[in-house]
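Residue numbers (our numbering): 17 to 299.
Notes for the one structure printed next.
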């Protein structure tokens, strides 16, 4: 599978990061989102982040040149001539099921389709589309253009060819990949969601404040970010949906979401992207 033109569906924080990563490594990218405003936001954030990441030590690139390799559109039919598709919409099974059903009639049969999800099993997503053997999971972490590793997930139906194509694409972008078998949450989020959820319970129960929890993890374990800052970066709404998926898939109460997490999400305090979560980012 020779990949020159990549379709990215979903222009949120992760989707725009995925689009930026591949555009800045020389690929043509078609970024699709149903919301025109979200596409405009993605264009602005990519222009800003290309400049910012260059100042932080990454390769200095021309933002306009990177954007020149990108097409922004609300039309799924624009994916008819891409070589690889990466889906990044919200962590909502019904929305993903409907989208992959539509992609089946647009994306060419020989084109790989990757699902970028926090916890939903790739095997389930593959069953929603056509040619399930072409499905693979590609779990990108935030901020995508700075992260050195991508978790590649083999669904029950995944062919060896699609796994090889996904790993080759990651390598083309100058990143590493590790292939794991399909399981809700995979390796990274199955462990991490437990940790951040338990950290939230500590704050909820008054054992320690958010700053104290994170400082302990950073100073005692050498973590660059504490669990609550990590949750804010991921998005508390995404953390909640991921925990709900894990709870439903495993029927295990250890994945029950902390009431404090639910309260913050209900209040629209999603973390860094909304300006406030466990920490205040408005200043």
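Using N, Cα and C, we set each Cβ at its ideal position, and we do this for glycine too.
Note that this is a predicted model, so its numbers are computed, not measured.
Reduced DSSP category for residue 281 - H, G, I as helix; E, B as strand; rest coil: Numbered from its first residue, the chain shown carries residue 281 at position 265. In the structure shown, residue 281 sits in a helix (DSSP, three-state: H, G or I).
Going by the CB atoms, is the gap between residue 69 and residue 161 shorter than 8 angstroms? Taking the first residue of the chain shown as position 1, residue 161 is located at position 145. Taking the first residue of the chain shown as position 1, residue 69 is located at position 53. Against a cut-off of 8 angstroms, the Cβ pair of residue 69 and residue 161 comes out as a contact.
If you count every other CB in all the chains shown that lies within 10 Å of the CB of residue 84, and 16 or more means buried, which is it? As a first step, residue 84 must be located in the chain shown, where it is residue number 68. So residue 84 ends up on the exposed side.
Beta-carbon proximity of residue 114 to residue 46, cut-off 8 angstroms: Translated into positions along the chain shown, residue 114 becomes position 98. Translated into positions along the chain shown, residue 46 becomes position 30. Using a Cβ distance threshold of 8 angstroms, residue 114 and residue 46 do not count as a contacting pair.
So the candidates are 204, 225 and 22; which of them puts its Cα closest to the Cα of residue 130? Translated into positions along the chain shown, residue 130 becomes position 114. Taking only the C-alpha atoms, the option nearest residue 130 is 22.
Between the segment 209 to 223 and the segment 162 to 178, do at least 3 Cβ pairs fall closer than 8 angstroms? The segment 209 to 223, when compared against the segment 162 to 178, does not touch it at the 8 angstroms Cβ threshold.
Residues in its own chain within less than 7 angstroms of residue 59 by CB, not counting five upstream and five downstream? The sequence position of residue 59 within the chain shown is 43, counting from 1. Cβ neighbours of residue 59 beyond the five flanking positions: 83 and 88.
Could you check what DSSP says for residue 33 in three-state terms: helix, strand or coil? Numbered from 1 along the chain shown, position 17 holds the residue referred to as residue 33. In the structure shown, residue 33 sits in a helix (DSSP, three-state: H, G or I).
Enclosing alpha helix (DSSP H) for residue 195 [first to last residue]: Translated into positions along the chain shown, residue 195 becomes position 179. Per DSSP, residue 195 belongs to no alpha helix (DSSP H); it is in the beta strand (DSSP E), 192 to 197.
Relative to the C-alpha of residue 249, which residue among 297, 49, 96 and 211 is closest? For the purposes of this step, residue 249 is taken as residue 233 along the chain shown, with counting starting at 1. Comparing Cα-Cα distances from residue 249 to each of 297, 49, 96 and 211, the minimum goes to 297.
Output the distance between the C-alpha atoms of residue 110 and residue 144, rounded to the nearest integer angstrom. Numbered from its first residue, the chain shown carries residue 110 at position 94. Numbered from its first residue, the chain shown carries residue 144 at position 128. Between residue 110 and residue 144, the C-alpha separation is close to 10 angstroms.
Whole-angstrom Cβ separation of residue 135 and residue 200, contact assumed at under 8 angstroms? Counting from one through the chain shown, the residue named residue 135 turns up at place 119. Counting from one through the chain shown, the residue named residue 200 turns up at place 184. So it is a contact: roughly 5 angstroms between Cβ atoms.
DSSP three-state assignment for residue 272, whether helix, strand or coil: Your numbering for residue 272 matches position 256 in the chain shown. Note: residue 272 maps to coil in three-state DSSP.
Taking all protein chains shown into account, decide if residue 211 is buried (16 or more other Cβ within 10 angstroms of its Cβ) or exposed. Residue mapping note: residue 211 aligns to position 195 of the chain shown, counting from 1. If you draw a 10 Å sphere on the C-beta of residue 211, you find fewer than 16 other C-beta atoms in it, and that means exposed.
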